[in-house]
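2 protein chains.
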Amino acid sequence: MDLLNAMQTMNACRYFKPDAVADDLLAKILNAARWAATGSNKQPLSFIVVRDAAKRRALHDLYQPIWDTVMQKYASGEFKSGFTPKFLGHVDHFARHLDTVPVHIVVCVQWKDLTALDANLDRTVLTPGSSIYPAVQNLMLAARAEGLGTTLTTLLALAEPQIKTLLEIPADTATAAVIMLGWPEKPFPQSLKRKPLAETAFLDRYGAPLPGASAYV
Amino acid sequence: MDLLNAMQTMNACRYFKPDAVADDLLAKILNAARWAATGSNKQPLSFIVVRDAAKRRALHDLYQPIWDTVMQKYASGEFKSGFTPKFLGHVDHFARHLDTVPVHIVVCVQWKDLTALDANLDRTVLTPGSSIYPAVQNLMLAARAEGLGTTLTTLLALAEPQIKTLLEIPADTATAAVIMLGWPEKPFPQSLKRKPLAETAFLDRYGAPLPGASAYV
Chain A
1 MDLLNAMQTM
11 NACRYFKPDA
21 VADDLLAKIL
31 NAARWAATGS
41 NKQPLSFIVV
51 RDAAKRRALH
61 DLYQPIWDTV
71 MQKYASGEFK
81 SGFTPKFLGH
91 VDHFARHLDT
101 VPVHIVVCVQ
111 WKDLTALDAN
121 LDRTVLTPGS
131 SIYPAVQNLM
141 LAARAEGLGT
151 TLTTLLALAE
161 PQIKTLLEIP
171 ADTATAAVIM
181 LGWPEKPFPQ
191 SLKRKPLAET
201 AFLDRYGAPL
211 PGASAYV
Chain B
1001 MDLLNAMQTM
1011 NACRYFKPDA
1021 VADDLLAKIL
1031 NAARWAATGS
1041 NKQPLSFIVV
1051 RDAAKRRALH
1061 DLYQPIWDTV
1071 MQKYASGEFK
1081 SGFTPKFLGH
1091 VDHFARHLDT
1101 VPVHIVVCVQ
1111 WKDLTALDAN
1121 LDRTVLTPGS
1131 SIYPAVQNLM
1141 LAARAEGLGT
1151 TLTTLLALAE
1161 PQIKTLLEIP
1171 ADTATAAVIM
1181 LGWPEKPFPQ
1191 SLKRKPLAET
1201 AFLDRYGAPL
1211 PGASAYV
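Heads up: the sequence lines are chains A and B, in that order. When we follow this note's numbering, the leftmost residue of the first sequence carries the number 1, and every step to the right adds one. When we follow this note's numbering, the leftmost residue of the second sequence carries the number 1001, and every step to the right adds one.
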């Protein structure tokens, strides 16, 4: 599949068919993650494909109370989002049916291989993710190219200790995300809701217009 | 360009031609970053394209002493890498000629839009990067599809305050990475040096073999 087309139509899939995903296809998609760069080529990532129904149910049971808290904060206005009630309904459906998504992929990281170069700045740490989420994006784009839907969640970080016990993850290994993967029930979108490029791309200093950016709205 | 082919041949480019990159092409590549998902679709990213020679020289002058310290630690064995002296020579060449790379792209983040869900775990923070580096990967893959080389660096996090002054970046905005971009002097590789998939992809629990993974070595 063409690269830009895959990127432009890769939405967060909230409704999945129960149909199985073949082993060969899944291995092909996971293979795409391997090629992403990591700091000093340390390759600190591994991926646990969870197909076992009881374990997917356990992941659902960990996710549901976390999501319920988030949903409540959206509903009360404590979290500002601009999301419509209809959209939040879709996300809520996703949470309530998480265990029926046929494949959960837990992204594992040997985090001691990563250096938090920005640990001493007066802000949250960002840079260790540069050795993680490029591979995750490769995986999700490869899934899109095969017609598979995905959704990334980091909410399960709040249940990391329980997930490590459930999936026998070593003490020195963290979980960076969980990717839900399966055949989408709805068609892929033609495009996604994003800010115009001119609002986010600048030349030589923050805020200065970039030639050509206004073509992308 | 085909998605998997782009992923599999996207190396870190260390040698660039001095040739200019056209405005239209650059805007097209930056546009690819827009499509990546961000938490709650907050779209906290922006990109400063640095073409100005004096500013690229200033970025080089910030980078060089940071790299020199890293290089010294590799040379002394304090940093373990398995890198050959020849390979480190390539990276050193890259550092010394950083200002001659025609385009530097500084990735900016309104970091207060990101929630560090893993802030209370006994490890480094990873998850905020999930709203940053997927877009960075899109950008770099789109560049590869156009025949452009890129290298991502997070080392400049150590000079974030100076970079913010140089590029007039607002106080509430962080720098998450710098992408060096230009026409590569050498051909793209056929493939990249990575662990076999069977070492990093598991089924239902950490370490358990994944069917089909052994096909990818």
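Each residue gets a CB set at the ideal place from its N, CA and C atoms; glycine is no exception. Given the structure is predicted, the values throughout are model-derived calculations rather than measurements.
Can you have a look at residue i and say buried or exposed, based on whether 16 or more other CB atoms are within 10 angstroms of its CB?
| i | result |
| --- | --- |
| A:Lys186 | exposed |
| B:Gly1039 | buried |
| A:Gly129 | buried |
| A:Ala22 | exposed |
| A:Ser191 | exposed |
| A:Val103 | buried |
| B:Thr1069 | exposed |
| B:Ala1037 | buried |
| B:Gln1072 | exposed |
| B:Ala1171 | exposed |
| B:Ser1076 | exposed |
| A:Ala142 | buried |
| A:Lys195 | exposed |
| A:Val101 | buried |
| B:Ala1027 | buried |
So, at 6 Å on beta carbons, what are the nonlocal neighbours of residue i in its own chain, with the 5 sequence-adjacent residues on each side left out?
| i | result |
| --- | --- |
| B:Trp1183 | Lys1017 and Asp1019 |
| A:Arg57 | Asp99 |
| A:Arg144 | Ala6 and Met10 |
| B:Ile1179 | Ile1105, Thr1150 and Leu1152 |
| B:Ala1213 | Leu1197, Ala1198 and Ala1201 |
| B:His1090 | Arg1014 |
| B:Leu1062 | Ala1159 and Gln1162 |
| A:Ala135 | Ala33, Ala36 and Leu45 |
| B:Asp1113 | Lys1042 and Pro1044 |
| A:Met1 | Ala145 |
| B:Trp1111 | Ala1174 |
Short of 8 Å in beta carbon distance, which residues of its chain neighbour residue i, apart from the five on each side in sequence? Order them along the chain.
| i | result |
| --- | --- |
| A:Phe175 | According to the sequence displayed, residue 175 of chain A carries Thr and not Phe. The residues are Val106, Val107, Cys108, Val109, Leu156, Ala157, Glu160, Ile163, Lys164 and Ile169. |
| B:Val1125 | Ala1116, Asp1118 and Ala1119 |
| A:Leu167 | Ile48, Val50, Lys55 and Val106 |
| A:His93 | Arg14 and Tyr15 |
| B:Pro986 | Examination of residue 986 of chain B is not possible in this model, given that chain B is present from 1001 through 1217 alone. |
| A:Phe79 | Val70 and Lys73 |
| B:Gln1137 | Ala1036 |
Using DSSP's beta-bridge definition, name the partner residues of residue i.
| i | result |
| --- | --- |
| A:Ile105 | A:Val49 and A:Ile179 |
| B:Leu1203 | A:Val49 |
| B:Ala1174 | B:Val1109 |
| B:Leu1155 | Answer is none; B:Leu1155 lacks a bridge partner. |
| A:Pro189 | A:Pro189 pairs with nothing; no bridge assigned. |
| A:Thr69 | For A:Thr69, which the question treats as bridged, DSSP gives no partner whatsoever. |
| B:Thr1150 | B:Ala1012 and B:Leu1181 |
| B:Pro1209 | B:Phe1202 |
Whose C-beta lies closer than 7 Å to the C-beta of residue i among residues of the same chain, with five residues either side of it excluded?
| i | result |
| --- | --- |
| A:Cys13 | Gly149, Thr150, Thr151 and Pro184 |
| A:Phe83 | Tyr74 |
| B:Leu1025 | Glu1146 |
| A:Leu30 | Phe47 and Leu139 |
| B:Thr1154 | Ala1177 |
| A:Pro189 | Thr9 and Asn11 |
| B:Ala1095 | Tyr1063, Gln1064 and Trp1067 |
| A:Ser81 | Tyr74 |
| A:Lys86 | none |
| A:Leu216 | Here residue 216 of chain A turns out to be Tyr, not Leu, going by the sequence shown. Excluding residues within five positions, the ones whose Cβ falls inside 7 Å are Pro196 and Leu197. |
| B:His1060 | Leu1098 and Asp1099 |
I want to verify the contact list: residues of chain E whose CB lies under 8 Å from the CB of residue i, in sequence order.
| i | result |
| --- | --- |
| B:Thr1154 | The displayed structure is made up of protein chains A and B, and chain E is not among them. |
Is residue i near the ligand MG, judged by its Cβ being under 7 Å from some heavy atom?
| i | result |
| --- | --- |
| A:Ser131 | What this structure holds is no ligand at all, so the ligand MG is not there to describe. |
* Of the residues that make up the stretch 51-73 of chain A, which ones have a beta carbon closer than 7 Å to any beta carbon in chain B? -> Arg51, Asp52 and Lys55
* **Residues of the stretch 1101-1119 of chain B whose Cβ lies closer than 8 Å to any Cβ of chain A, in chain order** => Cys1108, Val1109, Trp1111, Leu1114, Ala1116, Leu1117, Asp1118 and Ala1119
* Output, in sequence order along the chain, the residues in the stretch 1017-1032 of chain B whose CB is closer than 9 Å to any CB in chain A. => Ala1022, Asp1023, Asp1024, Leu1025, Leu1026, Ala1027, Lys1028, Leu1030, Asn1031 and Ala1032
* **alpha helix (DSSP H) segments (min. 4 residues) lying fully within the stretch 1010-1065 of chain B** => 1023-1034
* To do: Run through the stretch 83-146 of chain A for me and flag every whole beta strand (DSSP E) of 3 or more residues, listed as ranges in chain order.
  => 103-109
* To do: Note down, in chain order, all residues in the stretch 1181-1204 of chain B with a beta-carbon under 9 Å from any beta-carbon belonging to chain A.
  => Ser1191, Leu1192, Lys1193, Arg1194, Lys1195, Pro1196, Leu1197, Glu1199, Thr1200, Ala1201, Phe1202, Leu1203 and Asp1204
* To do: Closer than 9 Å, Cβ to Cβ, to anything on chain A: give me those residues from the stretch 1128-1150 of chain B, in chain order.
  => Pro1128, Gly1129, Ser1130, Ser1131, Ile1132, Tyr1133, Pro1134, Ala1135, Val1136, Gln1137, Asn1138, Met1140, Leu1141, Ala1142, Arg1144 and Ala1145
* Return the residues of the stretch 39-50 of chain A that lie within a Cβ-Cβ distance of less than 8 Å from chain B, sorted by chain order. => Gly39, Ser40, Asn41, Gln43, Leu45, Ser46, Phe47, Ile48, Val49 and Val50
* Asked: Name the residues in the stretch 1081-1093 of chain B whose C-beta lies less than 8 Å from a C-beta of chain A; which are they?
  -> Ser1081 and Phe1083
* Using a Cβ cut-off of 8 Å, which residues of the stretch 163-179 of chain A contact any Cβ in chain B, in chain order? -> Leu167, Glu168, Ile169, Pro170, Thr173, Ala174, Ala176 and Ala177
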